[in-house]
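Trainee:
There are 2 protein chains.
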Amino acid sequence: MVTIKDVAKLAGVSTATASYGLKNDSRVREGTKIKVVEAAKVLNYIPNGAARYLKTQKSNIVGVFLDGFSRPTYHKLLDGINYELDKHGYNIIVSSGKSAEQLMFNRQIDAAVIHDKNVKNETIKRVASDSFPILLLDRELKQKFVHEFTIENTNITYQLAKHLLEQGYRNIHFISGVTSYDNTHRYNGFVQAMEEFGVYNPENYYQGDFSIRSGYNIANNIIKNKKPMPEVFFCANDEMAVGAMDAIKENDLKIPKDIAVVGFDNVELAKYYSPSLTTIHVDRFMWGNDVANLIIALINKETDLSRFSKPSGRIIYRESCK
Amino acid sequence: MVTIKDVAKLAGVSTATASYGLKNDSRVREGTKIKVVEAAKVLNYIPNGAARYLKTQKSNIVGVFLDGFSRPTYHKLLDGINYELDKHGYNIIVSSGKSAEQLMFNRQIDAAVIHDKNVKNETIKRVASDSFPILLLDRELKQKFVHEFTIENTNITYQLAKHLLEQGYRNIHFISGVTSYDNTHRYNGFVQAMEEFGVYNPENYYQGDFSIRSGYNIANNIIKNKKPMPEVFFCANDEMAVGAMDAIKENDLKIPKDIAVVGFDNVELAKYYSPSLTTIHVDRFMWGNDVANLIIALINKETDLSRFSKPSGRIIYRESCK
DNA sequence: CTGAAAGCGCTAACAC
DNA sequence: GTGTTAGCGCTTTCAG
Chain U
9 MVTIKDVAKL AGVSTATASY GLKNDSRVRE GTKIKVVEAA KVLNYIPNGA
59 ARYLKTQKSN IVGVFLDGFS RPTYHKLLDG INYELDKHGY NIIVSSGKSA
109 EQLMFNRQID AAVIHDKNVK NETIKRVASD SFPILLLDRE LKQKFVHEFT
159 IENTNITYQL AKHLLEQGYR NIHFISGVTS YDNTHRYNGF VQAMEEFGVY
209 NPENYYQGDF SIRSGYNIAN NIIKNKKPMP EVFFCANDEM AVGAMDAIKE
259 NDLKIPKDIA VVGFDNVELA KYYSPSLTTI HVDRFMWGND VANLIIALIN
309 KETDLSRFSK PSGRIIYRES CK
Chain Z
9 MVTIKDVAKL AGVSTATASY GLKNDSRVRE GTKIKVVEAA KVLNYIPNGA
59 ARYLKTQKSN IVGVFLDGFS RPTYHKLLDG INYELDKHGY NIIVSSGKSA
109 EQLMFNRQID AAVIHDKNVK NETIKRVASD SFPILLLDRE LKQKFVHEFT
159 IENTNITYQL AKHLLEQGYR NIHFISGVTS YDNTHRYNGF VQAMEEFGVY
209 NPENYYQGDF SIRSGYNIAN NIIKNKKPMP EVFFCANDEM AVGAMDAIKE
259 NDLKIPKDIA VVGFDNVELA KYYSPSLTTI HVDRFMWGND VANLIIALIN
309 KETDLSRFSK PSGRIIYRES CK
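Residue numbers (our numbering), protein chains in the order written: chain U, 9 to 330; chain Z, 9 to 330.
1. Using only alpha-carbon positions, find the residue among U/T286, U/Q215, U/D217 that is nearest to U/V240.
2. The beta strand (DSSP E) spanning Z/V269 covers which residue range?
3. Tell me where the alpha helix (DSSP H) around Z/E276 begins and ends.
4. Expressed to the nearest angstrom, what Euclidean distance is found between the alpha-carbon atoms of U/A300 and U/Y82?
5. Tell me, please, which residues DSSP counts as bridged to Z/R322.
6. Report the rounded CA-to-CA distance for Z/K170 versus U/D75, giving the unit in angstroms.
7. Please state whether DSSP places U/G71 in a helix, a strand or coil.
8. Short check: CB of Z/I42 to CB of Z/S27, under 7 Å?
9. How big is the Cα-Cα spacing for U/Y177 and Z/L261?
10. To the nearest whole angstrom, what separates the beta carbons of Z/K318 and Z/E160, a pair I think is in contact under 8 Å?
11. Could you round the C-beta distance between Z/V121 and Z/L145 to whole angstroms and report it? I think they count as a contact, below 8 Å.
12. Closer than 7 Å by beta-carbon distance: list the chain Z residues that pair up with U/F153, in chain order.
13. Interface residues of chain U around Z/H123 at Cβ under 7 Å?
14. Kindly indicate which residue of Z/A19, Z/A24, Z/T23 has the alpha-carbon position closest to the one of Z/V50.
15. List the DSSP bridge partners of U/V154.
16. Where do the ends of the beta strand (DSSP E) carrying Z/H96 lie?
17. Closest to U/S222 by C-alpha separation, out of U/Y208, U/M248, U/K232, U/I230, would be which residue?
18. According to DSSP, what are the bridge partners of U/Q218?
19. Suppose the cutoff is 6 Å on Cβ atoms and the five residues either side in sequence are ignored; what does the same chain contact list for Z/Q116 look like?
20. Between the beta-carbon of Z/I307 and the beta-carbon of Z/A108, is there less than 7 Å?
21. So, using beta-carbon positions, are Z/G216 and Z/I183 closer together than 7 Å?
22. Going by DSSP, which residues form a beta bridge with Z/A119?
23. So within the region 180-241 of chain U, which uninterrupted beta strand (DSSP E) runs reach at least 3 residues, ignoring any that extend past its ends?
24. If you run the structure through DSSP and keep just helix, strand and coil, what is Z/E258?
25. Taking 7 Å as the threshold (C-beta atoms), are U/Y280 and Z/Y281 in contact?
26. Going by beta-carbon coordinates alone, are Z/I54 and U/F153 separated by less than 7 Å?
27. Less than 8 Å between the CB atoms is what I'm expecting for U/V44 and U/T25, so what's the real figure, rounded?
28. Between U/L313 and U/Q65, what straight-line distance do the alpha-carbon atoms span, to the nearest angstrom?
29. To the nearest angstrom, report how far apart U/G29 and Z/S188 are at their CA atoms.
30. Using DSSP with H/G/I as helix, E/B as strand and the rest coil, what is Z/E310?
31. Any idea which residues DSSP pairs Z/D273 with across the strands?
32. Give me the subset of the region 65-95 of chain Z whose CB atoms are less than 7 Å from a CB atom of chain U, sorted by chain position.
33. DSSP state of Z/E160, grouped into three classes?
34. Just to confirm, are Z/N179 and Z/G185 a CB contact at a threshold of 7 Å?
35. Counting along the chain, where does the alpha helix (DSSP H) carrying U/A244 start and finish?
36. Using three-state DSSP, classify Z/V366 as helix, strand or coil.
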């Protein structure tokens, strides 16, 4: 491995001068600088990040930790985070599973953004510190050096449920995802509207896991066994809504005539599915931009974070409901 | 920051003993071990990965570098890589853009997997070394310490084109993605079949960029201006195929009666689009598994890599063509 | 303007 | 079994 020593030797200077020269420090004379840069080039010198980090305690890397790589809502978010981090000279690494825990412990990153229910609160409390802020996108946790930046779910699902109720729907069943901040708050908004109209029934709550398959199974089961049939499946995300619509069509029922369906997320499929799905859009690229700026602010120990506000969604009306 | 020195001091042992104790080395007595582990716990000691890496020159991290985070074909691939790396005690980090280059240079990872046309061959040649193998998924490059593991595109597009020709289609237009290994080889297979049937026309090649929008624009343009109209749009990926189908429907034409469409990748949308899309499926989770095992083999400097073979696709026949 | 040298936190000879 | 210590590659203080 080529080290700065080799560069220094070839350039005929000390390692200190080589180090300064490579950073274009004003102290070194122009001629020396050129010699150093030249030597580095000849030797194909690549600085060792670990060594640098060990010394400076700063890696300029932000870690983003997710629950797998397949959830369609992650992609825009990641692009948004990456775009903005890049603009500010930060690098991004994304990870999942055991790797994520390892990396948080390893201290090779300056901060962490977490959207992964598998990361335990305990772990977060353990690693968060003055020099390692953590931003949570998937839960709330009051703790020093830990911040939250979740979506505003409740109000928007309240609005959507209210809209359905105003259209005359009454027998609305909620298909839930895995227990999580987002899921709970989406349900809360739904419940609020249902209660307002006096038609809330806690039994009409079904536990899924955010997957197409779970939406399909739950809906299929309800359709086959439940009398009277629900008028609407209110799904905690689009994928389950797609599964539910698959089940409805398979049972030779019509959407929205026999059963209406709404989702949450506005994934690509929502637009292309036939019928197209009424759902809630959240601008995740923008959210990602804000996430990046917020984590940078935290790294810089800024205290006025009032300029950051929870992203809210908007309803996209399509064919799957009145 | 709590270091191993602090742990050693609290446990009343040397740093060496502390280090060994934490690794459960057989040399240290059980009682000492317990004292050390206890001290580490009390102090909330977290080992510093940078320091360890600097010493051992091994991070157990594999970097995967992609062209953005949004391409739908990446997700299963990543899950596949992650799953298998995890089984073997390796961690994964995923990155894109400038971050990716930085990380490759930083040497905080043991190996790199690249599927990003923006990473230049020159960069790859520069950083690949005996102790830093690189695996390319998006191109071929003959170079020491650099290996390739691309999809077998040509034969399967040849098969699909042949199928279309056997169904009687003749006027088939190719909608291409950005210039890339995959794109070129998909086109090659297409050309081969067309030539076999004596109907190859190099003019019927349109340059897109793999996006829905580009597929839409190209198809719309052809439909509006080209006489006679093509019988088939042969698209280099599913997203462009979706765009093309959008355009066909918008022009009040029927798929496949007026114009047939085929794609490549078998993304989720292909199944759900109406009409569903005939395309080529590649098992990317499996590919990811193989990628992980191959990169591990490379890290371990194995020489017999014959057990790894390029993944090939299979045609999924659906409604968008005869 | 340049060089010598300390030291970031950890591991692994080596000595006892 | 346990401790001492050199040193991974880099940055940066302090001298000169």
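Using N, Cα and C, we set each Cβ at its ideal position, and we do this for glycine too.
Mentor: Well, looking at it:
1. Walking along the first sequence from the start, residue 240 of chain U turns up at place 232. Relative to U/V240, the option among U/T286, U/Q215, U/D217 whose CA is nearest is U/T286.
2. Taking the first residue of the second sequence as position 1, residue 269 of chain Z is located at position 261. Z/V269 -> beta strand (DSSP E) spans 268-270.
3. For this step, residue 276 of chain Z is matched to residue 268 along the second sequence. It spans 276-280 - the alpha helix (DSSP H) in which Z/E276 sits, taken as one unbroken run.
4. Residue mapping note: residue 300 of chain U aligns to position 292 of the first sequence, counting from 1. Residue mapping note: residue 82 of chain U aligns to position 74 of the first sequence, counting from 1. So the two alpha carbons sit approximately 14 Å from each other.
5. Residue numbering aside, residue 322 of chain Z sits at position 314 when the second sequence is read from its first letter. Looking at the DSSP output, Z/R322 bridges to Z/H289.
6. Locating residue 170 of chain Z in the second sequence gives position 162, where the first residue counts as 1. Locating residue 75 of chain U in the first sequence gives position 67, where the first residue counts as 1. Between Z/K170 and U/D75, the C-alpha separation is close to 41 Å.
7. As a position in the first sequence, residue 71 of chain U is number 63, starting the count at 1. U/G71: strand per DSSP, three-state reduction.
8. Reading the second sequence from its first residue, position 34 is the one you call residue 42 of chain Z. Reading the second sequence from its first residue, position 19 is the one you call residue 27 of chain Z. Not closer than 7 Å, so no.
9. Counted from its first residue, the first sequence places residue 177 of chain U at position 169. Counted from its first residue, the second sequence places residue 261 of chain Z at position 253. The alpha-carbon atoms of U/Y177 and Z/L261 are separated by roughly 36 Å.
10. In the second sequence, the residue the question calls residue 318 of chain Z occupies position 310. In the second sequence, the residue the question calls residue 160 of chain Z occupies position 152. Yes, they are in contact, since the Cβ atoms of Z/K318 and Z/E160 sit about 4 Å apart, within 8 Å.
11. For the purposes of this step, residue 121 of chain Z is taken as the residue at position 113 of the second sequence. For the purposes of this step, residue 145 of chain Z is taken as the residue at position 137 of the second sequence. Right, their Cβ atoms sit about 7 Å apart.
12. Along the first sequence, read from residue 1 onward, the residue named residue 153 of chain U stands at position 145. Chain-order list of chain Z residues neighbouring U/F153: empty, with the shortest C-beta distance near 13 Å, by a criterion of under 7 Å.
13. To locate residue 123 of chain Z, count along the second sequence from 1; it is residue 115. The contacting residues do not exist; Z/H123 stays about 13 Å from chain U at best.
14. Position 42 of the second sequence, counted from the first residue, corresponds to residue 50 of chain Z. It is Z/A19.
15. Along the first sequence, one-based indexing puts residue 154 of chain U at 146. Partner(s): U/I142, U/Q151.
16. Position 88 of the second sequence holds residue 96 of chain Z. Premise fails: Z/H96 is in no beta strand (DSSP E) and is neither H nor E.
17. For the purposes of this step, residue 222 of chain U is taken as the residue at position 214 of the first sequence. Residue U/M248 is the option with its Cα nearest to U/S222.
18. Walking along the first sequence from the start, residue 218 of chain U turns up at place 210. Position check: residue 218 of chain U holds Phe in this sequence, whereas Gln was assumed. DSSP output for U/F218 lists no bridge partner at all.
19. Within the second sequence, numbered from 1, the residue matching residue 116 of chain Z stands at position 108. Excluding sequence neighbours, Z/Q116 sits near S67.
20. Here residue 307 of chain Z is taken as the residue at index 299 of the second sequence, counted from 1. Here residue 108 of chain Z is taken as the residue at index 100 of the second sequence, counted from 1. Against a cut-off of 7 Å, the Cβ pair of Z/A108 and Z/I307 comes out as no contact.
21. The residue labelled residue 216 of chain Z in the question sits at position 208 within the second sequence. The residue labelled residue 183 of chain Z in the question sits at position 175 within the second sequence. If you check the CB distance, Z/G216 and Z/I183 come in under 7 Å.
22. Working through the second sequence from its first residue, we reach residue 119 of chain Z at position 111. Answer is Z/V70, bridged to Z/A119.
23. Restricted to the region 180-241 of chain U, the beta strand (DSSP E) segments that are unbroken, complete and at least 3 residues in length are 180-184, 213-215, listed in chain order.
24. Along the second sequence, read from residue 1 onward, the residue named residue 258 of chain Z stands at position 250. Collapsing the DSSP output to three states places Z/E258 in a helix.
25. On the second sequence, position 273 is the one that residue 281 of chain Z refers to. On the first sequence, position 272 is the one that residue 280 of chain U refers to. Contact: yes.
26. As a working mapping, residue 54 of chain Z is identified with position 46 in the second sequence. As a working mapping, residue 153 of chain U is identified with position 145 in the first sequence. Taking 7 Å as the cut-off, the Cβ atoms of Z/I54 and U/F153 do not count as close.
27. Within the first sequence, the letter at position 36 stands for residue 44 of chain U. Within the first sequence, the letter at position 17 stands for residue 25 of chain U. Yes, U/V44 and U/T25 are in contact; Cβ-Cβ is about 7 Å, under 8 Å.
28. Working through the first sequence from its first residue, we reach residue 313 of chain U at position 305. Working through the first sequence from its first residue, we reach residue 65 of chain U at position 57. Computed Cα separation, rounded: 24 Å.
29. Residue 29 of chain U sits at position 21 when you count from the first residue of the first sequence. Residue 188 of chain Z sits at position 180 when you count from the first residue of the second sequence. Approximately 39 Å between the Cα atoms of the pair.
30. Along the second sequence, read from residue 1 onward, the residue named residue 310 of chain Z stands at position 302. Coil.
31. Position 265 of the second sequence, counted from the start, is the residue given in the question as residue 273 of chain Z. Answer is Z/H289, bridged to Z/D273.
32. Flagged, chain order: G76, F77, S78, H83, K84, L86, D87, N90, D94.
33. Taking the second sequence and counting its residues from 1, the one referred to as residue 160 of chain Z is at position 152. The answer is strand: DSSP assigns Z/E160 an E or B state.
34. Here residue 179 of chain Z is taken as the residue at index 171 of the second sequence, counted from 1. Here residue 185 of chain Z is taken as the residue at index 177 of the second sequence, counted from 1. Contact: no.
35. As a first step, residue 244 of chain U is located in the first sequence; it is residue number 236 there, counting from the start. Counting along the chain, U/A244 falls outside any alpha helix (DSSP H), and DSSP gives it neither H nor E.
36. The structure shown does not extend to residue 366 of chain Z, since chain Z is modelled only from 9 to 330, so the question has no answer here.
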